[in-house]
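Peer 1:
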Amino acid sequence: AEGEIDANFFQHTPYLEEFIAERDLDLSVLGGIHIEPMGIFSTTLTSLDELKDGDEVMIPNDTTNCGRALLLLQEQGLIKLGVEGVNATEKDITENPKNLKFTALEAAAIPTVYGDAAIAVINGNYAIQHELNPVEDSLAIEDANSPYVNIIAVRSDEAGAEKFQKLLSALQTDKVKDFIEETYSGSVVPAFSDADGNKVG
């Protein structure tokens, strides 16, 4: 924002929005590159369609990851939230057609006990630590439409500059996609998107 660097690539949109608001900066999203996906896992179910009335769901208990987990559950049609954004809590659930019961635990602990529930929402990094592949082993994962895609941010007055469009194009190639998939084995997933968060490629 102060002109010391041209672009950065380490944050997702909720973090960037909070950073901008706290410091009154003029930064813009150039596009999305990858996500470290949160997934829904089960030791007993092979599909979310198999969930029964009153089944238990484990979710993280910290604010950021709880909201993120609830958004994923909403995307899968399991619940509806009465608020938009990433700070949702269980109190914001307005529809729960299967009367799912929620158990909130520390995110890092869920992979060690997730077999005690019908399904559990687990952060990608913790899943990998317990030999769970978010891509291959989950019933559902976040995709390029998630607000938690890691994005490139630039100063707003330079967002249209040719050098940044070239940077975005270079990072959204099949070569980069293949590198991410081959190197990170599901802990990082390609999630190419444009400045508005629309999936590309």
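First residue of the sequence shown? That's 8 in the working numbering, and the numbers climb one at a time after it.
Note that CB positions come from ideal geometry on N, CA and C, so glycine has one too.
#1: Looking at the secondary structure, which residues open and close the beta strand (DSSP E) in which residue 102 lies?
#2: Could you round the C-beta distance between residue 88 and residue 147 to whole angstroms and report it? I think they count as a contact, below 8 Å.
#3: Considering only the alpha carbon of each residue, which of 131, 155, 142 lies closest to residue 17?
#4: Under 7 Å between the Cβ atoms of residue 61 and residue 106?
#5: Counting C-beta neighbours from all protein chains within 10 Å, is the total for residue 172 16 or more, i.e. buried, or is it exposed?
#6: In chain order, what residues of the same chain lie with their CB nearer than 8 Å to the CB of residue 96, ignoring the 5 residues before and after it?
#7: Going by DSSP, what residue range makes up the alpha helix (DSSP H) through residue 120?
#8: Tell me where the beta strand (DSSP E) around residue 18 begins and ends.
Peer 2: The answer reads as follows:
#1: 100 to 102
#2: Contact doesn't hold; Cβ gap of about 16 Å is too wide.
#3: 155
#4: yes
#5: exposed
#6: 70, 73, 74, 77
#7: 117 to 120
#8: Per DSSP, residue 18 belongs to the beta strand (DSSP E) from 14 to 19.
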